[in-house]
Structures are given as C-alpha cells and as structure tokens.
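Peer 1: Chain order of the listed sequences is A and B.
For the first sequence, UniProt numbering gives the first residue as 1, with consecutive numbering after it.
For the second sequence, UniProt numbering gives the first residue as 1, with consecutive numbering after it.
Just so it is clear, CB atoms sit at the ideal spot from N, CA and C, and this is done for glycine as well.
Fair warning: this is a prediction, and the values are worked out from it, not measured in the lab.
Protein chains: 2
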Amino acid sequence: MMETIQAIKYKDGQLEILDQLLLPESCTFIPIWNVEDAWAAIREMKVRGAPAIAIVGCLSLAVELRELAAPETKEELCRLVKEKLDHLVTSRPTAVNMQLAAEACVKLCTRLTDNTSVNVAEAKDDIVKHLEATLADDIADNRAIGEHGASDIMKKNATKDKLRIMTHCNTGSLATAGYGTALGVIRSLHTASKLDQVYCTETRPYNQGSRLTAFELVYEKIPATLVCDSMAAAAMKQFKIDAVIVGADRVAANGDTANKIGTYQLAVLAKSHDALFYVAAPFSSIDFQIPNGHSIPIEERPHSEMTHTGSIRTAAAGINCWNPGFDVTPAELITGGIITEKGVFKPDQLAPHQ
Amino acid sequence: MMETIQAIKYKDGQLEILDQLLLPESCTFIPIWNVEDAWAAIREMKVRGAPAIAIVGCLSLAVELRELAAPETKEELCRLVKEKLDHLVTSRPTAVNMQLAAEACVKLCTRLTDNTSVNVAEAKDDIVKHLEATLADDIADNRAIGEHGASDIMKKNATKDKLRIMTHCNTGSLATAGYGTALGVIRSLHTASKLDQVYCTETRPYNQGSRLTAFELVYEKIPATLVCDSMAAAAMKQFKIDAVIVGADRVAANGDTANKIGTYQLAVLAKSHDALFYVAAPFSSIDFQIPNGHSIPIEERPHSEMTHTGSIRTAAAGINCWNPGFDVTPAELITGGIITEKGVFKPDQLAPHQ
Numbered sequence: 001m002m003e004t005i006q007a008i009k010y011k012d013g014q015l016e017i018l019d020q021l022l023l024p025e026s027c028t029f030i031p032i033w034n035v036e037d038a039w040a041a042i043r044e045m046k047v048r049g050a051p052a053i054a055i056v057g058c059l060s061l062a063v064e065l066r067e068l069a070a071p072e073t074k075e076e077l078c079r080l081v082k083e084k085l086d087h088l089v090t091s092r093p094t095a096v097n098m099q100l101a102a103e104a105c106v107k108l109c110t111r112l113t114d115n116t117s118v119n120v121a122e123a124k125d126d127i128v129k130h131l132e133a134t135l136a137d138d139i140a141d142n143r144a145i146g147e148h149g150a151s152d153i154m155k156k157n158a159t160k161d162k163l164r165i166m167t168h169c170n171t172g173s174l175a176t177a178g179y180g181t182a183l184g185v186i187r188s189l190h191t192a193s194k195l196d197q198v199y200c201t202e203t204r205p206y207n208q209g210s211r212l213t214a215f216e217l218v219y220e221k222i223p224a225t226l227v228c229d230s231m232a233a234a235a236m237k238q239f240k241i242d243a244v245i246v247g248a249d250r251v252a253a254n255g256d257t258a259n260k261i262g263t264y265q266l267a268v269l270a271k272s273h274d275a276l277f278y279v280a281a282p283f284s285s286i287d288f289q290i291p292n293g294h295s296i297p298i299e300e301r302p303h304s305e306m307t308h309t310g311s312i313r314t315a316a317a318g319i320n321c322w323n324p325g326f327d328v329t330p331a332e333l334i335t336g337g338i339i340t341e342k343g344v345f346k347p348d349q350l351a352p353h354q
Numbered sequence: 001m002m003e004t005i006q007a008i009k010y011k012d013g014q015l016e017i018l019d020q021l022l023l024p025e026s027c028t029f030i031p032i033w034n035v036e037d038a039w040a041a042i043r044e045m046k047v048r049g050a051p052a053i054a055i056v057g058c059l060s061l062a063v064e065l066r067e068l069a070a071p072e073t074k075e076e077l078c079r080l081v082k083e084k085l086d087h088l089v090t091s092r093p094t095a096v097n098m099q100l101a102a103e104a105c106v107k108l109c110t111r112l113t114d115n116t117s118v119n120v121a122e123a124k125d126d127i128v129k130h131l132e133a134t135l136a137d138d139i140a141d142n143r144a145i146g147e148h149g150a151s152d153i154m155k156k157n158a159t160k161d162k163l164r165i166m167t168h169c170n171t172g173s174l175a176t177a178g179y180g181t182a183l184g185v186i187r188s189l190h191t192a193s194k195l196d197q198v199y200c201t202e203t204r205p206y207n208q209g210s211r212l213t214a215f216e217l218v219y220e221k222i223p224a225t226l227v228c229d230s231m232a233a234a235a236m237k238q239f240k241i242d243a244v245i246v247g248a249d250r251v252a253a254n255g256d257t258a259n260k261i262g263t264y265q266l267a268v269l270a271k272s273h274d275a276l277f278y279v280a281a282p283f284s285s286i287d288f289q290i291p292n293g294h295s296i297p298i299e300e301r302p303h304s305e306m307t308h309t310g311s312i313r314t315a316a317a318g319i320n321c322w323n324p325g326f327d328v329t330p331a332e333l334i335t336g337g338i339i340t341e342k343g344v345f346k347p348d349q350l351a352p353h354q
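(1) Excluding the 5 residues preceding and the 5 following residue 305/A in the sequence, name in chain order all residues of the same chain whose CB lies nearer than 7 angstroms to its CB.
(2) If you measure beta-carbon to beta-carbon, which residues of the stretch 229-256 of chain A are closer than 7 angstroms to chain B?
(3) Using three-state DSSP, classify residue 308/A as helix, strand or coil.
(4) Taking the runs of the beta strand (DSSP E) that are 3 residues or longer, which of them lie wholly in the stretch 188-259 of chain A?
(5) Answer with buried or exposed for residue 317/A, where buried requires no fewer than 16 other C-beta atoms within 10 angstroms of its C-beta.
(6) Given this structure, state the Cα-to-Cα distance separating residue 345/B from residue 332/B, to the nearest angstrom.
(7) Should the stretch 241-249 of chain A be called in touch with the stretch 208-215 of chain A, which here means at least 3 C-beta pairs below 8 angstroms?
(8) Please confirm whether residue 287/A and residue 81/A have their CB atoms less than 9 angstroms apart.
(9) Under 8 angstroms Cβ-Cβ, which residues of chain B neighbour residue 312/A?
(10) Under a CB-based cut-off of 9 angstroms, is residue 182/B close to chain A?
(11) At the level of alpha carbons, what is the spacing between residue 319/B and residue 28/A?
(12) Using a Cβ cut-off of 8 angstroms, which residues of the stretch 285-309 of chain B contact any Cβ in chain A, in chain order?
(13) So residue 15/A and residue 32/A are in contact, right, with Cβ under 8 angstroms, and what is the actual spacing, rounded?
(14) By the criterion of Cβ-Cβ separation under 8 angstroms, what are the contact partners of residue 210/B in chain A?
(15) Under a three-way DSSP split, which group does residue 15/A fall into?
(16) Rounding to the nearest angstrom, what Cα-Cα distance links residue 105/B and residue 34/B in this structure?
(17) Short of 9 angstroms Cβ to Cβ, which residues in the stretch 258-275 of chain B face chain A?
(18) Give the residues of chain A in contact with residue 322/B, contact being defined as C-beta atoms less than 7 angstroms apart.
(19) Applying the 10 Å Cβ sphere with the 16-neighbour rule, what's the burial state of residue 259/B?
(20) Check residue 317/B in the structure and name its three-state DSSP category.
(21) Residue 341/B CB to nearest chain A CB: under 9 angstroms?
(22) Return the CA-CA distance between residue 356/B and residue 182/B, expressed in angstroms with no decimal places.
(23) Within 9 angstroms of any Cβ in chain B, is that where the Cβ of residue 189/A sits?
(24) Could you tell me the alpha carbon to alpha carbon distance between residue 397/B and residue 86/B, rounded to whole angstroms?
(25) Which same chain residues end up closer than 7 angstroms to residue 296/B when comparing Cβ atoms and leaving out the 5 residues on each side of it in sequence?
(26) Take every Cβ of the stretch 133-140 of chain A, pair it with every Cβ of the stretch 107-115 of chain A, and state whether three or more of those distances are shorter than 8 angstroms.
(27) Please list the terminal residues of the continuous beta strand (DSSP E) segment that includes residue 30/A.
(28) Hey, could you find the ends of the alpha helix (DSSP H) residue 98/A is sitting in?
(29) Can you name, in chain order, every residue of its own chain whose Cβ lies under 6 angstroms from the Cβ of residue 145/B, other than the five neighbours on each side?
(30) Assuming residue 268/A and residue 230/B form a contact by the criterion Cβ under 8 angstroms, report the distance between their Cβ atoms to the nearest whole angstrom.
(31) Would you please state the rounded distance, in angstroms, between the beta carbons of residue 41/B and residue 176/B? I believe it to be under 8 angstroms.
(32) Contact defined as beta carbons within less than 8 angstroms: I believe residue 216/A pairs with residue 5/A. What is the distance between those atoms, to the nearest angstrom?
(33) Does residue 162/A pass the burial test, meaning 16 or more other C-beta atoms within 10 Å, or should it be called exposed?
(34) Any residues in the stretch 100-114 of chain A with a beta carbon nearer than 9 angstroms to a beta carbon of chain B? Which ones, in chain order?
(35) Per DSSP, what are the beta-bridge partners of residue 172/B in this structure?
(36) What residues match up with residue 287/B in a beta bridge as DSSP calls it?
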C-alpha cells in the first residue's frame, strides 16, 4: 500500500509538524519544543483536525516531560501535567479529542499517585509512554475505521461496481496521525478498487478541501474532483453520488455531530438526493458527557478568514461577516451511520460500545 | 431614495462600464468603443449579470452604429446589425437576455426593411434609439420587480415586523442597468423598513456575493451579513430566514430556472427550512422557446477560477476541478414564485403574461 503523507513526526522526544498554513505552496516542517508551541500551532491552525490536535497536544507534553527533571513528588508531577493539559484544552473549543485525552491522562496520574509501588521517576516515564502511544493508537484506529467503513458502504451498494463518494474538509493523514477517518474510508475503498471518483468540497473559508484533501488525493493518485461548496447539490444530482462521508470534531451521546461548517447542509442535501450520509470518527471524538448537539460549543473564527485570501481582499470593506467554524448535524440525518474503530453504528447505538 | 451604484454609463454614443474584476479593490470605469470591446468585457466578466450583459451588448452596437456612415441599403444595414448581434450572443451561453434582445432587434430590422416609407438613415436612427432604450427600460423593469416582490413577501409574512432574507450572487445595480432584480426586491423591503437583515452568500468561485453584493450593501447601508456558501443551511436554521431571493440567467417556459451555481442547493435547503424561495427576473430573462431546464446550456468556466485567487494558489497542484457556472432549479422548488415586472407568478403561470 502506498505510503500516506505524514504530518506529525515524532521520535525520541523530537516532535515536528507539517505547517498546514503553507500548503499547497510549500511542505515545511516546524519543530514543537513544548506545550506552548503546540498551543500556538493549534490555535493558528498550523495543525488542525480533531485527532491531530489531540496527538500534537499530547506529544508536546511528552517532549516537555522528557526534558524535565522529575519533580520531588508524584503530586507535584501530576499538578504540573494537569496544568499543561488544561491549557492545551483551551486551544480550540469545538473538537473534544484533546479534552478526552486530557481526562484520560489525568486519570492515569491519579492511578499512579495512588499506587505506592511506583516512584515519581517511574510515574513520569509511564505518563510519557501513555502520551507517546496516542500516535500509533490513532493510526491503528484509522485503519480499522477505513476497513469498517469501506465494507459497510460496499455492502449497502452491493449491486454497484464502483462508487462515487463526496467528502468535506480534510480528514486525512493531515488531520490525524495518518491514514485518516473519512478519507481513510475513501482510501480503503480505493485500495479495494471500488472507488470511481471522490468529490472533495473546497471547504470555505479556510479551504481545507482544496488545499489539504486535494493535496493528499493528488499525492496518492486517488481519482478525485474538486468542487466548490456551492456545487454540492448539483454534483450529487449530476454524478449520482452514492455516499457522503465526513469526519467529526465532536459526536454527542445521541449521535448529533459537530463538524466543519457546511457539514449540516451536505447532510440535508444527501438526504434529498438519496445518498447515504456517514460520519467517520474514532471513539476519542465521542463525548458521552453531553446528551445532544445543542451543548457543543461552536467556535467563531476571525472575519479575516472570509474577507481575505493572503493579502488579497475578496470581500467588500466594511461588510459584516458570520464565520462559525462548525455546525451540528442532527443524528437523524446520519443515514449511513457512524463509522468507528469498533464498527459502524446507528447514531443512537453508540453508548453500548463505549 | 438613495442613489444606487451605476455600473453602466451611457450618454450620446459614449459608453463606459465599471470593471467589476477590480472590485472591491478599485472602482475603475473603462470605455467600450465597439461590439468587440463589449464581447471581450462580457467574456472576461468585467461586466456580468444577465440583464447587464444584454444592455452592454446593445449599447456597444448603438455606439458603433452612431459612428457608422449609413450603408447604401437597408438590407446591408440589417445584415451588418444581425452579424454584430449574432457575435454578441456567443459571448456567454447561459444567460438568454442578449439572445432575446438580438431577436427583438432583428425583428425591428425586418419591419424597417419592409417599410418602404423609411430610408436607410432613418432606419439606422430607429435601430440606435431601440438599442439605447434598453438602459432605461431595464431600470423601470427592476423598480417594478422590486415593488411587486416586496409586497408579495410582506403579504406572505404579514405577521412579521421585519424580515430576514438570503440572496446569492449579485443581482443588483452591478448586474443590471440599476436597482437590480433580487437585490431590487431587497432594496424595496429596506425602503419599506421591513428588512431586518440580508444574508448574502460569498458565491464561489468568483465571489460575486462577497465582492459585488457586499459592496452594494455596504454602499447603501443596508443591514447585511456575509456568509460562505457552506453556511447557508446553518444560517437558515440559526437566523430563521424567511425567504431566499435569487436572480436568473434564463427561465424556461415551465419556470425551471438557470442561475449562478449554488442556486439549486439553496432552493433545496430553503424548502427543508420552511423559507420561501423566489426568483426575481424580468420577462427579458424568460425563454418561452424552451419547455424546461434540461435544454438550457450550462457554461463551464476555467478551472483557474477555483484553483487561484489572484496569483495565490488555493488548491493543490494537479487536482481535477468541476466548474459549472450555473445550475438549474426545478420549478417546483420555486415556492415563493417568479417575481417579474408584471407581477409575481407561480412558475407554471408565466406563459399567459408573455
């Protein structure tokens, strides 16, 4: 299988990320020396994508901890770790992965503190190992998502030789540790020779589709066509698209899904064009603490993302803008199901598999 | 009433148009000396909008005819006029206005040729006057469209104090001789103090909404918010939009409407969000020669419109694009009606008012 792009490079306490702001013009890796670097890179969207945000956050803490002389006590170590994690969680509000990763790490800290047979140096090593494991875990999850998703879509379209899939935003190697979620499913379909064409939306205003997804698709020679967000319905009608597959920044307990702005309308349009609508997300994107999508905080982004492309003004001076980064797709529109590393579930059937 | 922007200036054989490619950075008028200049300006989208295309085409021919020494015979004059008009019709394929204007002018030529009491110089003058009248006629039509549309929307929302309207692309002073079609209706609602807010879509890939409509709305201090095309459904839901009003490049006899790409999906989304969907268009945009939207030619535009903003590359090199300039909205989705200078009609009720 062809190597996918690797946007997060980590080895022995050295972390580098691909600066996605410079794509597609330039492929430049920048070093992340500490949690503060990671926080800034996430906020500025040099790295984005719910899984990738959590991984870069966790790895940046691993980098810091490796350099750190072990504190006097495990309590002090855990207080420090929690403080850093709390800060990382504030970098962007909508994706839940960093928050869930932080909660898991804090739980580990508590266990290690309670375990009298572990000393502070060993505790620090365990925390570092736990944080470092997020990278490999995510790739394994994504490959499982790809397999589960592709086989579900093939099963539901058994009479069709090849499938036409639409996707939104970037959910590929650049949004994850590698392989991708929704784009992982598309990769698996392509590997199985079942992909006719993937239609990727531009994904305004930040162009994650045209800059990042298109970059991955060209790189891997997957048959692909770029469309503007305004062309989604026309494309569904003209090309008879079989399924829409998107990622998730946070899935609520009932299956309501927050994802990149524009996802909700793709779900409405998919329904009216008889295309299945799937969300592909690891369980680390599912927030069982909130009952439904109404409680998901939606980040509002700067207006300049809409009014300028680089230094070029593309909107009239003085115009008011509305720039939510995400929207919520109600569970009932997720007609295909939610594709996870544990299988494909109906939106209301997630909890038993937690 | 506040003066609207004037994008087409014509007086005594002198024609100037606002170069819309330079908006919003710069307001620059360029002279149009002849039909060839007009053809190029239309093709390059220095002027766009179905009514404006026809007006600039007609006026450019008036400019040429005024300079021309009258030919020897009326037949020769008419042959020349027809040749020029045929060329103008080829500038862009989807809008029908230039074609209908050309047909009307050719009919006038035939009448003048058949009328033995008219000499060639008088015929030339009559043709010039006919062509010059398109400017004032269009403004009058647009003001009537504005009045009819606003009163219909107010009537259908009688219980609401102020209305929230969404529009797509640019259908204002910049797309017409002045005032506008869909934007004319919005202007009339604003004048009647019934407009709460207009949401204008960016209208990718050419950004007619963010560059042109936003420019007009800011200029006239109409309360407005710019949204990306991907935000339409989220905005309809969040702001409870009452109606979507768009223009038309060509309306078929059954009411199917070709308009800027993205219109079709707004109509689907309006239906699922209980917003009325209106098309605002003069009868000069209605093509009774074609029974339905299947026969409307859809222009495909260059991929560079999607891959670059000015010199900045916004899409990965090598990605395939689909860039239709227009799509067709089926008549049944035009739930509000078609707003014309003669009144607001159900899509299937246009023919009797022809």
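Peer 2: Checking against the coordinates, here is how it stands:
(1) If we look at residue 305/A and ignore the five residues flanking it on each side, its Cβ neighbours are 205, 206 and 323.
(2) Per Cβ criterion, the list reads 229, 230, 231, 232, 233, 234 and 235.
(3) Per DSSP, reduced to three states, the secondary structure at residue 308/A is strand.
(4) Within the stretch 188-259 of chain A, the complete beta strand (DSSP E) runs of at least 3 residues fall at 195-201, 224-227, 243-246 and 250-252.
(5) Exposed is the call here.
(6) The straight-line gap separating the alpha-carbon atoms of residue 345/B and residue 332/B is approximately 13 angstroms.
(7) With a cut-off of 8 angstroms on Cβ pairs, the stretch 241-249 of chain A is not in contact with the stretch 208-215 of chain A, counting fewer than three such pairs.
(8) In this structure, residue 81/A does not lie closer than 9 angstroms to residue 287/A by Cβ.
(9) Within chain B, the residues placing a beta-carbon under 8 angstroms from that of residue 312/A are 309, 310 and 312, ordered along the chain.
(10) Cβ-Cβ to chain A under 9 angstroms: no for residue 182/B.
(11) Residue 319/B and residue 28/A have their alpha carbons spaced roughly 20 angstroms apart.
(12) Identification of residues in the stretch 285-309 of chain B having a C-beta nearer than 8 angstroms to some C-beta of chain A yields 306, 307 and 309, given in sequence order.
(13) Rounded, the Cβ-Cβ distance is 4 angstroms, consistent with contact.
(14) Simply 306, 307, 314, 315, 316 and 319.
(15) DSSP, reduced to helix, strand and coil, places residue 15/A within a strand of the structure shown.
(16) Their Cα atoms are separated by approximately 17 angstroms.
(17) Legend: CB atoms of the stretch 258-275 of chain B lying less than 9 angstroms from CB atoms of chain A belong to residues 260, 261, 262, 263, 264, 265, 266, 267, 268, 269, 271, 272 and 273.
(18) Here the neighbours are 225, 227, 231 and 235.
(19) Result: buried.
(20) When secondary structure is reduced to three states using DSSP, residue 317/B falls in the coil class, being assigned neither helix nor strand.
(21) Answer no: the Cβ-Cβ gap between residue 341/B and chain A never drops below 9 angstroms.
(22) The first residue shown for chain B is 1 and the last is 354, placing residue 356/B beyond what the model contains.
(23) By the rule that beta-carbons nearer than 9 angstroms mark a contact, residue 189/A does not touch chain B.
(24) Missing from the structure shown is residue 397/B; chain B here goes from 1 to 354 and no further.
(25) 94, 250, 252, 258, 290 and 328, listed in sequence order.
(26) Too few Cβ pairs lie closer than 8 angstroms, so no.
(27) If you look at residue 30/A, you'll find it in the beta strand (DSSP E) that goes 29-31.
(28) For residue 98/A, the uninterrupted alpha helix (DSSP H) run begins and ends at 97-114, by DSSP.
(29) Apart from the 5 residues on each side of it in sequence, residue 145/B sits with its Cβ closer than 6 angstroms to the Cβ of 181, 184, 280, 339 and 341 in its chain, given in chain order.
(30) The Cβ separation is near 12 angstroms, so there is no contact.
(31) Approximately 16 angstroms separates the beta-carbon atoms of residue 41/B and residue 176/B; this is outside 8 angstroms, ruling out the contact.
(32) About 6 angstroms separates the beta carbons of residue 216/A and residue 5/A, which is inside the 8 angstroms limit, making them a contact pair.
(33) Looking at its Cβ environment, which holds fewer than 16 other Cβ atoms inside 10 Å, residue 162/A is exposed.
(34) Within the stretch 100-114 of chain A, contact with chain B at the beta-carbon level (separation under 9 angstroms) is assigned to no residue.
(35) According to DSSP, which records beta bridges pairwise, residue 172/B is partnered with nothing at all.
(36) Answer is 252/B, bridged to residue 287/B.
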